[in-house]
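Engineer: Encoded as structure tokens, here's the structure I'll be asking about.
There are 4 protein chains.
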Amino acid sequence: MERTGKGKKMKKVEVGILGATGMVGQRFVSLMEDHPWFKITWLAASERSSGKKYVDACSWRLREPMPERVANLSVNECRPSGAPQLIFASLDSRVAGEAETEFASAGHVVVSNSGNHRMSPDVPLVIPEVNPDHLSLIRTQRQRRGWKGAIVTNPNCTTIFLAMSLAPLDKKFGLEKVLMTSMQAVSGAGYPGIPTLDILGNVIPYIAKEEEKVEAETKKLLAQINNGQIKEGNWAISAQCNRVLVEDGHTETVSVALKTQPTRHDLIAVWRDYRSVPQERELPSAPQHAIVVREEMDRPQPKFDLYTEGGMATVIGRVRPCPVLDFKYIALGHNTIRGAAGAAILNAELMRSEGYLD
Amino acid sequence: MERTGKGKKMKKVEVGILGATGMVGQRFVSLMEDHPWFKITWLAASERSSGKKYVDACSWRLREPMPERVANLSVNECRPSGAPQLIFASLDSRVAGEAETEFASAGHVVVSNSGNHRMSPDVPLVIPEVNPDHLSLIRTQRQRRGWKGAIVTNPNCTTIFLAMSLAPLDKKFGLEKVLMTSMQAVSGAGYPGIPTLDILGNVIPYIAKEEEKVEAETKKLLAQINNGQIKEGNWAISAQCNRVLVEDGHTETVSVALKTQPTRHDLIAVWRDYRSVPQERELPSAPQHAIVVREEMDRPQPKFDLYTEGGMATVIGRVRPCPVLDFKYIALGHNTIRGAAGAAILNAELMRSEGYLD
Amino acid sequence: MERTGKGKKMKKVEVGILGATGMVGQRFVSLMEDHPWFKITWLAASERSSGKKYVDACSWRLREPMPERVANLSVNECRPSGAPQLIFASLDSRVAGEAETEFASAGHVVVSNSGNHRMSPDVPLVIPEVNPDHLSLIRTQRQRRGWKGAIVTNPNCTTIFLAMSLAPLDKKFGLEKVLMTSMQAVSGAGYPGIPTLDILGNVIPYIAKEEEKVEAETKKLLAQINNGQIKEGNWAISAQCNRVLVEDGHTETVSVALKTQPTRHDLIAVWRDYRSVPQERELPSAPQHAIVVREEMDRPQPKFDLYTEGGMATVIGRVRPCPVLDFKYIALGHNTIRGAAGAAILNAELMRSEGYLD
Amino acid sequence: MERTGKGKKMKKVEVGILGATGMVGQRFVSLMEDHPWFKITWLAASERSSGKKYVDACSWRLREPMPERVANLSVNECRPSGAPQLIFASLDSRVAGEAETEFASAGHVVVSNSGNHRMSPDVPLVIPEVNPDHLSLIRTQRQRRGWKGAIVTNPNCTTIFLAMSLAPLDKKFGLEKVLMTSMQAVSGAGYPGIPTLDILGNVIPYIAKEEEKVEAETKKLLAQINNGQIKEGNWAISAQCNRVLVEDGHTETVSVALKTQPTRHDLIAVWRDYRSVPQERELPSAPQHAIVVREEMDRPQPKFDLYTEGGMATVIGRVRPCPVLDFKYIALGHNTIRGAAGAAILNAELMRSEGYLD
């Protein structure tokens, strides 16, 4: 029996993980080891792994050790039978779309980190600090598809830090133009992921479909919902995405043009004061400050700032005027925590706090 | 006796190197080993080195071996006495300004890679493919300062690849706005330069004064010269500069807005067809193609494209529409060859071809 | 008021740090943040830093943030006046010898990580799990030098993991021959330490004086003390030391010949069962298991095993017969925790438990 | 029409490559671009590649560009029909054994870099500078197996540098004991090979089957051939093999005990004076000096010494007494040139010079 952030006592919710042996799956396992609301009771992965114990099926790549209780769970096939209602999903995009549909239509609530359904107009794409109200699309989704279950998604990792930094600006000052260049960590490509021979002594100025995802998902995240319809804002965004030799942590350079003319101090204040639903409800995985602004001239850096707020914050620095647009700054976040598994877990916490998991 | 690109026979010009033991100094030594016009006969470095043989004074950091003839030259103090007329300079910025002035006022032609004099209105800041006519500022400089010698500079490494990519666009289509994010190699910081503990597993989103240099120098390079006056164009530029774990090679993401509306194909054609004075005169260090455009979706990359045209080309790739400005692309170049020592050598070749070294 | 491992209540001992701004000094600060016995009240560093607040004097390079209380302490000159009795020292070897002597002769107990005094016959060189009885050399030292204070040293980082792995073997089976090759982390060279240009894409098969230190110190550590005299054992040791591109963690390949003929199982059992004074007395920084043996065929690895027992254990793996000597194995440890700051702290804890700090 | 080292004019020999798209296959293509004796006319790779042009089938990973002529060759299935007599083979070990047998029994001379047949008593395992006489095992092989073709192998990359350093010592002073620890480059594992997440910030102290190969192959290489029988010498060898974050170049620490008592100077002289069949016959790929000894205290290093003699030499340094055995030293070589493709090509050149390819 545990207490929620609001103080009610409750039994832990059983959760299953689809794609439990992948890099994001491993983060799910690690982050939920001592979760006050959720308890992993079911794991599934590709055929090759099913039937094995997790410890034998999984090539564990995190520095922190595999939680013992989960190590001994059996890995199931990616089929709904026997799975708990709440499913965290991080399957390879070649199979994720169909599998998630199968689970949702069988009545499961699928909280997905995969890209397949993100841009569907009746699927919520949610960052709890950015657009918690988008969860209401679940109703549209259930009506249209006749499901008892649902699919809810979080954005691509690169999108998350950008969107978290933009949301307060858009609300307060109005966005006009956004240009972003990312320097992304190798863990973003999963495991085995990037061959050493590709990235050692190199920068790869291309990540398949990443720029399209960042541009489209950021627009959807900052959109309004009217009568179950998504209405995107009237502003433009351009992304250039690169892979660099960093293990964890995506660093992004951003330039923005705004509809009003705030000062540099106004921007920093808006970020520092930003509190949204997860902070107000004290959701278990919510960072105390969703955005942390650093004033040192050479920060944020992955080496020092990656685990700010347990890896759940977006860290911003070097806020300064942009000679072409209005302001430029650096945003940094942990791509497999806030950018993937932690994002999905926080979505599920938001859903529970709204009664979607009852 | 050698031939110039134009075919005249001539004796090799003796050259000296100020700052011969540094990273760029080493590149000067390496690049001029078999130079058809220039021959190193004099070296100078900090007090600590003076009096020693080059091989003993220099912590050689290039993969190619130190040329034997130069290894046995003595290292002099940074004083003009005994130095040849033509001096390549790459001193630390704390001493470069004064030392270069001393040499120029003593009648030497200083072809400098340092930043101290670059932005002076009577000092040419030159990329031979971009603004060869800026050499004419030498006359202004000599008149104003009463020198027989002169100081001529090349831009910062990051600026060079950006400016080379922009010059043909500005000439043909007119620049309006430029945003650039760089991912720069550690060799750009010299030796010992970046401590491993600073950059391993990290991105450093700050390089002291780099963004200011890129913005100011690019404007000066693309300016017009009227009656010995620099007149900058009416367009805006913003740079964000980062250090990544790459040995050599600066990669830059660029977005541009243009005054006219070319197609993607027009841009590529303008770059591919770009020929300027160094190509026309067949200067010894000139790349056959100053700009090389690659069509693969994931190029250019430092690992594969760094030594294009012997490291003297700017390599461009991923040319595509920008949803905010007009086009975006990647530019890459070798920061210690085209971006430093090779830039100065090509400047000296241009000067010789114009009669400034006679 | 705190309890020791033995249960007595006691007031925290005030400690000072000589060389507080260096890499090992930073580890001292970090490891003693919540120490139950020791409290940092005094910091000293080179002239350049003295007079400044620690946060301003120190280029903090650890991933964990600087403890706030210490950040605001002033940095003193390296002079005894005003310093507490117990001093942890990690000065540069060029000044460490003289400074430590000055403090010890002024009555301070100097627990040093520097190499200068390690091999003096009246200076204890101690690993608490290996040769706690060597502390008795303090008496010889005080008699001979007429000091009220003392100097006690811990070995070089590379030596520590080797000696910890050898001590149980020597006690049980008798050592005859030891060959060791190390692959050492860049943090072992301090900060700024190894330039990126030296180690990126490289192995440096040489570390100044390291092999001599490992060979001599290991012999002294495993020696007997008779009447205040050190008597080294009759066995041979050879070391080859290399620098590789790893941030933290020295990996060592070891081959040993023994005087008796144990089985592989015997070796593993002796290591696993090894308990020494720090474990028996439950010293605050003592690892529960000084030696951890892993059975996986590809372990230990710095990435996964570095923080075993909080970075205070030596992790051994791949124990197997050696076709030339008797057995070969891998040893790994955290070079700035167990290999430096943690080693000195554990020495001080041992000294306190023996009454040397009363 | 070309000249051999001996001066005869001759037509180039057509060669085929089995496993042409792999890392070693790419090196074959690159090293034979301008080969005076051999010309690539036939390529084969796995089913997935067959039917495509080489440029489309191959994920080219070398820094030097793909030779144009070969880029346009078609890739065949790994079947003998249509293949030239001389085949260089570098297939994955899961299929190499059977495929090589099929080609040899069909009359082809297979010069293989794979491990499958290396230890067969009737298969020559050859380094031309070490045991050129072992080629005579081809007769035994043909008699026993009834083949017109043959299989000839070169050793594992790690073995080659060790064996080249040991052969002159064994001949002159007699080997007794050898201990070796390797620090191996990622390119040794092929492509995609080592995932970045496995090796960044890490050392992997295990390479599957590598230690067994090094120990067994070195013994076979230094063996005598009597009446078609291999007779291994009476000396012992132990290897410990590690993977480090280096792109190319295996570094090895070696300790040796010898039957006689040479001085350090004797060892260096024997290595420097070492000339064998490839040098005497001036085989096209033979290094002028098979062994290069460096006297600097911190060499050889992959960064600076990898391309000594075009990557075909073994570079030795830090020769010094070993307190346990007699001497210790460092050996370095280019694992995909001298350690793989170059080794096979030199074997084929030796075979041609002996008339095996007529």
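Protein chains in written order, with my numbering: chain B, 1 to 358; chain H, 359 to 716; chain C, 717 to 1074; chain Z, 1075 to 1432. All C-beta atoms in this analysis are idealised placements derived from N, C-alpha and C, irrespective of residue type, glycine included. Computed from a predicted structure; not experimentally measured.
Count the C-beta pairs between the stretch 1397-1404 of chain Z and the stretch 1226-1233 of chain Z that are closer than 8 Å, then say yes if the count reaches three, no if not.
Structural biologist: Between the stretch 1397-1404 of chain Z and the stretch 1226-1233 of chain Z, the count of Cβ pairs shorter than 8 Å is below three; the stretches do not touch.
Engineer: Is DSSP giving C:I1053 helix, strand or coil here?
Structural biologist: helix
Engineer: For the structure I just gave you, are there three or more beta carbon pairs, one from the stretch 119-137 of chain B and one from the stretch 172-181 of chain B, closer than 8 Å?
Structural biologist: no
Engineer: So what's Z:I1342 in DSSP terms, helix, strand or just coil?
Structural biologist: helix
Engineer: Taking C-alpha atoms, which residue in Z:L1092, Z:N1146, Z:T1327 and Z:A1282 lies nearest to Z:V1184?
Structural biologist: Z:L1092
Engineer: Taking only beta-carbon positions, decide if B:Y191 is within less than 9 Å of chain Z.
Structural biologist: B:Y191 counts as touching chain Z.
Engineer: Secondary structure at B:S81, three-state DSSP: helix, strand or coil?
Structural biologist: coil
Engineer: Can you name the start and end residues of the beta strand (DSSP E) that C:K887 belongs to?
Structural biologist: Run containing C:K887: none in the beta strand (DSSP E); it sits in the alpha helix (DSSP H), C873 to F889.
Engineer: So, is the C-beta of B:E201 closer than 9 Å to a C-beta in chain C?
Structural biologist: First, the amino acid is wrong: residue 201 of chain B is Gly here, not Glu. Cβ-Cβ to chain C under 9 Å: yes for B:G201.
Engineer: I want to see whether chain C comes within less than 9 Å of Z:M1257, judged by CB atoms only; does it?
Structural biologist: yes
Engineer: Okay, do the stretch 1418-1425 of chain Z and the stretch 1339-1359 of chain Z touch, 3+ Cβ pairs below 8 Å being the bar?
Structural biologist: yes
Engineer: Note down, in chain order, all residues in the stretch 53-69 of chain B with a beta-carbon under 7 Å from any beta-carbon belonging to chain C.
Structural biologist: R63
Engineer: Compare the C-beta of H:G363 with all C-beta atoms of chain B and state if any pair is closer than 9 Å.
Structural biologist: Note that H:G363 scores 49 on pLDDT, short of 50, meaning its location in the model is unreliable and no value can be drawn from it.
Engineer: For chain C, find out if any of its Cβ atoms is closer than 9 Å to the Cβ of Z:V1344; answer yes or no.
Structural biologist: Not closer than 9 Å to any Cβ of chain C, the Cβ of Z:V1344 fails to qualify, so no.
Engineer: If you drop the 5 nearest sequence neighbours on each side, which residues of the same chain put their C-beta closer than 6 Å to that of B:A257?
Structural biologist: E176, K177, L325 and D326
Engineer: On the DSSP letters alone, give me the boundaries of the alpha helix (DSSP H) that Z:G1416 sits inside.
Structural biologist: G1416 to S1427
Engineer: Please look up how many angstroms separate the CB atoms of C:S881 and C:T1030, rounded, as I've assumed it's under 8 Å.
Structural biologist: 6 Å
Engineer: For the alpha helix (DSSP H) that contains Z:L1211, what are its first and last residues?
Structural biologist: L1211 to R1219
Engineer: List, in chain order, every chain Z residue whose beta-carbon is nearer than 9 Å to that of B:I194.
Structural biologist: P1266, P1269, T1270 and L1271
Engineer: Give, in chain order, every unbroken run of the beta strand (DSSP E) that is at least 3 residues long and sits entirely within the stretch 222-299 of chain B.
Structural biologist: 224-226, 229-231, 236-243, 250-258 and 291-293
Engineer: Is the stretch 445-454 of chain H touching the stretch 416-429 of chain H, taking contact as three or more C-beta pairs under 8 Å?
Structural biologist: no
Engineer: State the CB to CB distance for the pair H:G675 and H:R657, rounded to an integer number of angstroms; the pair is presumed to be in contact (CB under 8 Å).
Structural biologist: 5 Å
Engineer: May I ask you to list, following chain order, the residues of the stretch 565-583 of chain H that have a beta carbon less than 7 Å from some beta carbon of chain Z?
Structural biologist: Going along the stretch 565-583 of chain H in chain order, one finds no residue with a Cβ nearer than 7 Å to chain Z.
Engineer: Cβ closer than 8 Å: which chain Z residues qualify as neighbours of C:E969?
Structural biologist: Correcting the residue type first, residue 969 of chain C is Thr in the shown sequence and not Glu. Within chain Z, the residues near C:T969 are T1255, P1279, Q1314 and N1316.
Engineer: Could you give the distance in angstroms between the alpha-carbon of C:A939 and the alpha-carbon of C:Q859?
Structural biologist: Cα to Cα, C:A939 sits roughly 21 Å from C:Q859.
Engineer: Kindly identify the DSSP beta-bridge partner or partners of Z:E1088.
Structural biologist: Beta-bridge pairing links Z:E1088 to Z:K1113.
Engineer: So, for C:W863: in the same chain, excluding its five sequence neighbours on each side, which residues have a beta-carbon less than 6 Å away from its beta-carbon?
Structural biologist: Excluding residues within five positions, the ones whose Cβ falls inside 6 Å are A820 and S821.
Engineer: Say whether chain B places a C-beta atom closer than 9 Å to the C-beta of Z:L1380.
Structural biologist: no
Engineer: Count the other CB atoms within 10 Å of the CB of H:S437; is the residue buried (16 or more) or exposed (fewer)?
Structural biologist: According to the sequence displayed, residue 437 of chain H carries Arg and not Ser. Exposed is the call here.
Engineer: Step through the CB atoms of chain Z and report whether any lies within less than 9 Å of the CB of B:S90.
Structural biologist: No, its Cβ sits nowhere closer than 9 Å to a Cβ of chain Z.
Engineer: Use the C-beta contact count for B:R367: other C-beta atoms within 10 angstroms, 16 or more gives buried, fewer gives exposed.
Structural biologist: Residue 367 of chain B is absent from the model: chain B starts at 1 and stops at 358.
Engineer: Taking the alpha-carbon positions, what's the B:R48 to B:A208 distance?
Structural biologist: 26 Å
Engineer: On the three-state DSSP scale, how would you describe C:L747?
Structural biologist: Of the three classes helix, strand and coil, the one that applies to C:L747 here is helix, per DSSP.
Engineer: For B:V203 versus B:V270, is the C-beta spacing smaller than 9 Å?
Structural biologist: No, these two residues do not count as a Cβ contact at 9 Å.
Engineer: DSSP puts Z:L1160 in a beta bridge; with which residues?
Structural biologist: Z:V1089 and Z:V1183
Engineer: Within this structure, are the beta carbons of C:K935 and C:G917 separated by less than 9 Å?
Structural biologist: Taking the C-beta atoms as reference points, C:G917 is found no nearer than 9 Å to C:K935.
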